[in-house]
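J.: Residue numbers (the numbering used here): -19 to 426.
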């Protein structure tokens, strides 16, 4: 690391650290999905309770977006992110010791608020390190790789460790899903150390040119932080872009929460696997989704950068195209899968499409001043997260409402995919409208 110190290449170190930070946030948000069958058996709960367990995290996660984002603008990402992940590790370890469903709800609420200290703060930090020409690609590398790594831990490693620990092995007296949860808490502590050691909030801390100063418009450069922030909030187009974001958030709450369970039901019904075997198989299918997220999002983000810089194509117009595809994909999921291979192909492409939400953050950073990026991104995320949490809370009820007993896995979960289609359709309209505002910004910078 000393070789890169005070060098422009240090921005890639910051990117790697942010990826690790975000992986811890994604691990903690989905910690219950890969072990859901154990929780169902131990606590005697069903789909409705699982939906509420997931949404308990995201309501408080939504509330935490703006406070953590604003703190990042004021105190810097290094301190804020490190403290947030440390608190997350503590909450994560508490989950390993809960004795009931209701205790788990309380811990998930606490996990949600402190878990908000990764995504928006890291986005704000990266927007300060990378310019417009590479921001779309970098933010998608961050989101795709960091989120994907955390989801692999949650969807695949946690059920595998839980399966291994059933055989009698224990950690501090804990076995099965409790032991795997505690192991992941230790992993989170290790990430805290790496974040504090490697994170730098702004290039100016290393004597490098500030991206903020280079990209801020002349009129906003001289304005105070408060005045600049409120000018953005008074712009109605800011709120339109917020609704372009929420479709991604809803799908990101529904698909990772239910895909491992949906895929487990698919394998159990079509291939006759046992509960434990189907959980691992479901985790593997969820890992295909993660692969789409990791591989596809950076490539599509780079394409967005190219289209914006070369042909002045608004990012929001590209976002609208992704929402159209997502809506169609959710419709396909509501029907029977013709084969495991085609199921995997669909899941892979969906993994890339629904994780293109960093393009919204990039658009916000380019339309409004970067110095308010933490607060603005936090507010966009807050609205989206509240909608996403509500959709997740209601998803279990939707699954039961549209389910037909004995009709198979596709009918059992189709209500969830219908819910995703509704919110994606709203985002299609909002994205097309927001492209008008972004075109004005592009013309102003050309």
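Cβ atoms here follow ideal geometry from the backbone N, Cα and C, with glycine treated the same way.
(1) Considering only residues of the same chain and omitting the five flanking positions on each side of residue 221, which have a CB-CB separation below 6 Å?
(2) Among 172, 181, 3, 341, which residue has its Cα nearest to the Cα of residue -10?
(3) Which residue marks the beginning of the alpha helix (DSSP H) containing residue 24, and which one marks its end?
(4) Keeping to the same chain, check which residues put their C-beta closer than 8 Å to that of residue 309; ignore five residues upstream and five downstream.
(5) Could you spell out the range, first to last residue, of the alpha helix (DSSP H) harbouring residue 181?
(6) Does the segment 161 to 171 come within contact of the segment 250 to 266, defined as at least 3 CB pairs closer than 8 Å?
(7) How would you write the range of the alpha helix (DSSP H) that residue 13 sits in, first residue to last?
(8) Name the two residues that bound the continuous alpha helix (DSSP H) containing residue 120.
(9) From residue 199 to residue 359, what does the alpha carbon distance come to, in whole angstroms?
(10) Output yes or no for whether 8 Å exceeds the beta carbon distance between residue 403 and residue 251.
(11) Note down, in chain order, each residue of its chain lying with its Cβ closer than 7 Å to the Cβ of residue 341, except the 5 sequence neighbours on either side.
(12) Can you tell me which residues form a DSSP beta bridge with residue 151?
(13) Within the same chain, show all residues whose beta-carbon is closer than 6 Å to that of residue 64, passing over the 5 residues directly before and after it, in chain order.
(14) Suppose the cutoff is 6 Å on Cβ atoms and the five residues either side in sequence are ignored; what does the same chain contact list for residue 85 look like?
(15) Does DSSP classify residue 338 as helix, strand or coil?
(16) Would you mind stating whether residue 410 and residue 286 have Cβ atoms separated by less than 8 Å?
(17) With distance defined between alpha-carbon atoms, name the residue in 12, 347, 176, 4 nearest to residue 241.
(18) Please go through the same chain and pick out, in chain order, the residues whose beta-carbon is closer than 7 Å to the beta-carbon of residue 4, but skip the five residues on each side of it.
(19) Between the C-alpha atoms of residue 276 and residue 336, what's the straight-line distance to the nearest angstrom?
(20) With DSSP collapsed to three states, give me the class of residue 315.
(21) Please state the DSSP three-state secondary structure of residue 288.
(22) Would you call residue 210 buried or exposed, if buried means 16 or more other Cβ atoms sit within 10 Å of its Cβ?
(23) Pick out whichever of 346, 416, 291, 124 has its Cα sitting closest to the Cα of residue 232.
(24) Let me know if residue 173 comes out buried or exposed under the rule of 16 or more other beta-carbons within 10 Å of its beta-carbon.
(25) Quick one, are the C-beta atoms of residue 34 and residue 100 less than 8 Å apart?
(26) Determine the contact status of residue 23 and residue 212, defining contact as a CB-CB distance below 8 Å.
(27) Per DSSP, what kind of secondary structure is residue 188 in: helix, strand or coil?
(28) Can you grab the Cα-Cα spacing for the pair residue 113 / residue 339, in whole Å?
(29) So the candidates are -13, 2, 18; which of them puts its Cα closest to the Cα of residue 260?
(30) What's the C-alpha gap between residue 396 and residue 322?
(31) Quick check: the Cα distance between residue 41 and residue 318, rounded to an integer number of angstroms?
(32) Roughly how many angstroms lie between the CA atoms of residue 27 and residue 239, to the nearest whole one?
(33) Count the other CB atoms, across all protein chains shown, that sit within 10 Å of the CB of residue 46; report buried if there are 16 or more and exposed otherwise.
(34) Here's the rule I'm using: 16 or more other beta-carbon atoms within 10 Å means buried, otherwise exposed. How should residue 420 be labelled?
(35) How big is the Cα-Cα spacing for residue 365 and residue 296?
T.: Reading it off the structure:
(1) Residue numbering aside, residue 221 sits at position 241 when the chain shown is read from its first letter. Cβ neighbours of residue 221 beyond the five flanking positions: 414.
(2) Along the chain shown, one-based indexing puts residue -10 at 10. Closest in C-alpha terms to residue -10, from the list 172, 181, 3, 341, comes 181.
(3) By 1-based counting over the chain shown, the position of residue 24 is 44. That residue, residue 24, is in no alpha helix (DSSP H); it is neither H nor E in DSSP.
(4) As a first step, residue 309 is located in the chain shown; it is residue number 329 there, counting from the start. Answer for residue 309: 326, 329, 330, 333, listed in chain order.
(5) Locating residue 181 in the chain shown gives position 201, counting from the first residue. Taken as a continuous stretch (DSSP letters only), residue 181 belongs to no alpha helix (DSSP H), as it is neither H nor E.
(6) no
(7) Translated into positions along the chain shown, residue 13 becomes position 33. Unbroken run through residue 13: none, as it is neither H nor E.
(8) Here residue 120 corresponds to residue number 140 of the chain shown, with the count starting at 1. From DSSP, the alpha helix (DSSP H) with residue 120 extends over 112 to 132.
(9) Along the chain shown, one-based indexing puts residue 199 at 219. Along the chain shown, one-based indexing puts residue 359 at 379. Here residue 199 scores only 42 on pLDDT, less than 50, and its place in the model is too uncertain to base an answer on.
(10) In the chain shown, the residue the question calls residue 403 occupies position 423. In the chain shown, the residue the question calls residue 251 occupies position 271. Against a cut-off of 8 Å, the Cβ pair of residue 251 and residue 403 comes out as no contact.
(11) The sequence position of residue 341 within the chain shown is 361, counting from 1. Only residues of its own chain outside the window of five on either side were considered, and among them 103, 119, 357 have a CB closer than 7 Å to the CB of residue 341, listed in chain order.
(12) The residue labelled residue 151 in the question sits at position 171 within the chain shown. Its beta-bridge partners are 154.
(13) For this step, residue 64 is matched to residue 84 along the chain shown. These residues qualify, in order along the chain: 94, 97.
(14) In the chain shown, counting from the first residue as 1, residue 85 sits at position 105. Closer than 6 Å at the Cβ level, and outside the excluded window around residue 85, lie 36.
(15) Residue numbering aside, residue 338 sits at position 358 when the chain shown is read from its first letter. In the structure shown, residue 338 sits in a helix (DSSP, three-state: H, G or I).
(16) Here residue 410 refers to the residue found at position 430 when the chain shown is read from its first residue. Here residue 286 refers to the residue found at position 306 when the chain shown is read from its first residue. For residue 410 and residue 286, no; Cβs fall outside 8 Å.
(17) Stepping through the chain shown from its first residue, residue 241 is reached at position 261. Residue 12 is the option with its Cα nearest to residue 241.
(18) Position 24 of the chain shown, counted from the start, is the residue given in the question as residue 4. Excluding sequence neighbours, residue 4 sits near 65, 68, 98, 130, 168, 171.
(19) In the chain shown, the residue the question calls residue 276 occupies position 296. In the chain shown, the residue the question calls residue 336 occupies position 356. Taking the straight line joining both Cα atoms gives about 9 Å.
(20) The sequence position of residue 315 within the chain shown is 335, counting from 1. Coil, per DSSP.
(21) The residue given as residue 288 occupies position 308 in the chain shown. Residue 288 falls in the helix class under three-state DSSP.
(22) The sequence position of residue 210 within the chain shown is 230, counting from 1. That one is exposed.
(23) For the purposes of this step, residue 232 is taken as residue 252 along the chain shown, with counting starting at 1. Minimum Cα distance to residue 232 is reached at 124.
(24) Translated into positions along the chain shown, residue 173 becomes position 193. Per the 10 Å Cβ criterion, exposed.
(25) Translated into the one-based positions of the chain shown, residue 34 becomes position 54. Translated into the one-based positions of the chain shown, residue 100 becomes position 120. No; because the gap between Cβ atoms is not below 8 Å, this pair is not in contact.
(26) Counting from one through the chain shown, the residue named residue 23 turns up at place 43. Counting from one through the chain shown, the residue named residue 212 turns up at place 232. No.
(27) Reading the chain shown from its first residue, position 208 is the one you call residue 188. The answer is coil: DSSP assigns residue 188 none of H, G, I, E or B.
(28) Working through the chain shown from its first residue, we reach residue 113 at position 133. Working through the chain shown from its first residue, we reach residue 339 at position 359. Distance between the alpha carbons of residue 113 and residue 339: 13 Å.
(29) Taking the chain shown and counting its residues from 1, the one referred to as residue 260 is at position 280. Residue 18 is the option with its Cα nearest to residue 260.
(30) In the chain shown, counting from the first residue as 1, residue 396 sits at position 416. In the chain shown, counting from the first residue as 1, residue 322 sits at position 342. Approximately 20 Å between the Cα atoms of the pair.
(31) For the purposes of this step, residue 41 is taken as the residue at position 61 of the chain shown. For the purposes of this step, residue 318 is taken as the residue at position 338 of the chain shown. Distance from the CA of residue 41 to the CA of residue 318, rounded to the nearest whole angstrom, comes to 37 Å.
(32) Taking the chain shown and counting its residues from 1, the one referred to as residue 27 is at position 47. Taking the chain shown and counting its residues from 1, the one referred to as residue 239 is at position 259. Their backbone Cα atoms lie some 13 Å apart in a straight line.
(33) As a working mapping, residue 46 is identified with position 66 in the chain shown. With 16 or more Cβ atoms within 10 Å of its Cβ, residue 46 is classed as buried.
(34) As a working note, residue 420 is residue 440 in the chain shown. Classification for residue 420: exposed.
(35) Mapped onto the chain shown, residue 365 falls at position 385. Mapped onto the chain shown, residue 296 falls at position 316. Put simply, the backbone Cα of residue 365 is about 19 Å away from that of residue 296.
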